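Chemist: What follows is a structure written as structure tokens; I'll ask about it next.
Number of protein chains: 2
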Amino acid sequence: MDTKTAIIERRSVKHYDPNHSMSETEIRELLELALLSPTSFNMQNWRFVVVTDPAKREALKAAAWNQAQVTDASITILLCARMDAHADGERYWVNAPQPAQDVLVPMLKGYYEGKANLQHDEAMRSIGIASQTLMLAAKSMGYDSCPMVGFDFEKAAEIIQLPENHVIGMMLTVGKALKPAAPRGGQLPYEEVVKMESF
Amino acid sequence: MDTKTAIIERRSVKHYDPNHSMSETEIRELLELALLSPTSFNMQNWRFVVVTDPAKREALKAAAWNQAQVTDASITILLCARMDAHADGERYWVNAPQPAQDVLVPMLKGYYEGKANLQHDEAMRSIGIASQTLMLAAKSMGYDSCPMVGFDFEKAAEIIQLPENHVIGMMLTVGKALKPAAPRGGQLPYEEVVKMESF
Numbered sequence: 018m019d020t021k022t023a024i025i026e027r028r029s030v031k032h033y034d035p036n037h038s039m040s041e042t043e044i045r046e047l048l049e050l051a052l053l054s055p056t057s058f059n060m061q062n063w064r065f066v067v068v069t070d071p072a073k074r075e076a077l078k079a080a081a082w083n084q085a086q087v088t089d090a091s092i093t094i095l096l097c098a099r100m101d102a103h104a105d106g107e108r109y110w111v112n113a114p115q116p117a118q119d120v121l122v123p124m125l126k127g128y129y130e131g132k133a134n135l136q137h138d139e140a141m142r143s144i145g146i147a148s149q150t151l152m153l154a155a156k157s158m159g160y161d162s163c164p165m166v167g168f169d170f171e172k173a174a175e176i177i178q179l180p181e182n183h184v185i186g187m188m189l190t191v192g193k194a195l196k197p198a199a200p201r202g203g204q205l206p207y208e209e210v211v212k213m214e215s216f
Numbered sequence: 018m019d020t021k022t023a024i025i026e027r028r029s030v031k032h033y034d035p036n037h038s039m040s041e042t043e044i045r046e047l048l049e050l051a052l053l054s055p056t057s058f059n060m061q062n063w064r065f066v067v068v069t070d071p072a073k074r075e076a077l078k079a080a081a082w083n084q085a086q087v088t089d090a091s092i093t094i095l096l097c098a099r100m101d102a103h104a105d106g107e108r109y110w111v112n113a114p115q116p117a118q119d120v121l122v123p124m125l126k127g128y129y130e131g132k133a134n135l136q137h138d139e140a141m142r143s144i145g146i147a148s149q150t151l152m153l154a155a156k157s158m159g160y161d162s163c164p165m166v167g168f169d170f171e172k173a174a175e176i177i178q179l180p181e182n183h184v185i186g187m188m189l190t191v192g193k194a195l196k197p198a199a200p201r202g203g204q205l206p207y208e209e210v211v212k213m214e215s216f
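Residue numbers (this note's numbering), protein chains in the order written: chain G, 18 to 216; chain E, 18 to 216.
Here's what the structure looks like:
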């Protein structure tokens with residue numbers, strides 16, 4: 018599917034075929050595309066938990082105001098991040114020439130070390146970027162998706178056994194649409210949202 | 018360009034043709050695609066400042082450790098967000114049936130009102146999502162991009178006259194590549210980043 022078509026046709030779909038399953042190959046293809054999303058200093062701070070187990074998804078649904086898409090879609094992904102990913106800076110530049118490594122690795126560590134708010138912002142940014150990769154890749158594979166923040170983050174963390182020093186940023190369902198999304202609710206005028214040169 | 022190709026071939030490009038300009042039509046096409054990115058409760062909390070003015074871009078470059086792409090690319094976009102976008106909840110659902118509006122608008126306001134950290138997280142998530150729309154749309158239009166957080170956010174805020182109650186989340190350059198990106202620096206193994214069912 019053409020990129021512009023995927024961007025235009027991607028909508029947040031709530032109604033999925035509960036009998037449809039994604040194959041392991043499809044799930045891996047989708048997630049491998051997500052892993053090509055950019056991250057600051059290539060630190061790949063995101064972690065993706067793909068939930069297919071019916072009992073776990075029932076528990077996630079209960080933690081998400083019982084929204085049906087959590088169990089009706091084919092998979093439910095928890096987009097998480099490791100807050101101290103910067104500490105492993107060497108690993109993200111191992112293939113770069115040594116002089117580049119010598120600059121980038123200390124720069125990455127220095128930029129994030131000890132700055133909890135910045136680490137948290139980076140988690141949310143990286144998760145946001147990767148979520149759109151997943152949504153557009155899903156669309157191009159014939160699937161639809163629904164990004165969600167309306168759930169109990171602490172309960173979800175228990176269900177997926179989120180390790181210390183990690184955060185959850187979003188839940189995303191992916192599956193076969195039974196019913197298209199309702200028309201867009203009310204788009205703001207271009208000129209209100211896009212400014213030329215300055216506010 | 019095919020969606021998967023755009024995802025695979027999108028890289029953070031640093032070297033741009035400084036003589037290339039994007040037309041107003043191209044800039045508008047790119048930003049109109051960004052405006053189709055999903056936001057929580059459709060609140061469209063992002064604001065995009067497209068900087069083409071050479072003096073403003075020199076100032077932004079100075080605020081960004083003199084990274085050449087800020088002036089060499091064709092445009093530099095500041096991805097910002099309005100923190101209290103939820104307060105205008107009615108506008109984002111004006112086209113929905115009244116019973117849906119009656120549920121969604123109070124839910125949106127209640128979810129964000131008075132929760133500064135959550136508003137800030139939503140700003141970063143929305144900006145992350147929209148940035149990937151921009152990067153993939155740019156790729157499909159024959160352009161390359163570079164997402165950046167390595168700059169002085171306060172100086173950038175002065176340059177673009179960021180209003181109160183708004184934040185900057187990212188700088189993004191878009192232009193015609195002169196030199197491709199270096200090979201990926203060091204990708205983490207799939208199994209380390211993608212977990213099935215739980216951590």
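For every residue, glycine included, the Cβ atom is placed at its ideal position computed from N, Cα and C. Just so you know, these numbers come straight off a predicted model, no measurement behind them.
1) Can you find a C-beta in chain B that's less than 8 Å from the C-beta of S143/G?
2) I'd like to know whether the C-beta of T42/E is nearer than 8 Å to at least one C-beta of chain G.
3) Since N83/G meets chain E, which of its residues come closer than 9 Å, beta carbon to beta carbon?
4) Can you tell me whether K156/E is buried or exposed? The criterion is at least 16 other CB atoms within 10 Å of its CB, across all chains shown.
5) Within the continuous alpha helix (DSSP H) that includes T22/E, where are the two ends?
6) Please check if any C-beta of chain E sits within less than 8 Å of the C-beta of F168/G.
7) Would you mind telling me which residues of chain E sit closer than 8 Å to I185/G, beta carbon to beta carbon, in chain order?
8) Quick check on DSSP: helix, strand or coil for L95/G?
9) Could you spell out where the beta strand (DSSP E) holding R64/E opens and where it closes?
10) Report all residues from its chain with a CB closer than 8 Å to the CB of S14/G; omit the five preceding and five following residues, and keep chain order.
11) If the criterion is Cβ atoms closer than 8 Å, does the pair V68/G and K78/G meet it?
12) Going straight from the alpha carbon of L179/G to that of F216/E, what length do you get?
13) Return the CA-CA distance between I94/G and G145/E, expressed in angstroms with no decimal places.
14) Return the residue from the list Q136/G, R74/G and H103/G that minimises the CA-CA distance to D89/G.
15) Once DSSP output is grouped into helix, strand and coil, what is the label at T190/E?
16) Assuming L50/E and Q204/G form a contact by the criterion Cβ under 8 Å, report the distance between their Cβ atoms to the nearest whole angstrom.
17) Under a CB-based cut-off of 8 Å, is Y33/E close to chain G?
18) Using a Cβ cut-off of 8 Å, which residues of the stretch 53-72 of chain E contact any Cβ in chain G, in chain order?
19) Starting from the C-beta of H37/G, find all residues in its chain whose C-beta is less than 7 Å away, skip the five residues before and the five after it, and write them out in chain order.
20) Helix or strand or just coil, what does DSSP make of V122/G?
21) Between which two residues does the alpha helix (DSSP H) holding M141/E run?
22) Would you mind stating whether Q61/E and A113/E have Cβ atoms separated by less than 8 Å?
23) Count the other CB atoms within 10 Å of the CB of S40/G; is the residue buried (16 or more) or exposed (fewer)?
Modeler: Straight from the coordinates:
1) As a matter of chain content, chain B is missing from the structure shown, whose protein chains are G and E.
2) no
3) The premise fails here: N83/G is roughly 14 Å from chain E at the closest Cβ pair, so nothing lies under 9 Å.
4) buried
5) T20 to E26
6) no
7) Under the 8 Å cutoff, chain E gives no residues; its nearest Cβ is about 11 Å from I185/G.
8) strand
9) W63 to V68
10) Because chain G spans 18 through 216 in this model, residue 14/G falls outside it and cannot be assessed.
11) no
12) 6 Å
13) 17 Å
14) R74/G
15) strand
16) Contact flag wrong, Cβ pair sits at about 13 Å.
17) no
18) L53, S54, P55, S57, N59, Q61, W63, R64, F65, V66, V67, V68, T69 and D70
19) S91, G192 and K193
20) helix
21) A133 to S157
22) no
23) exposed
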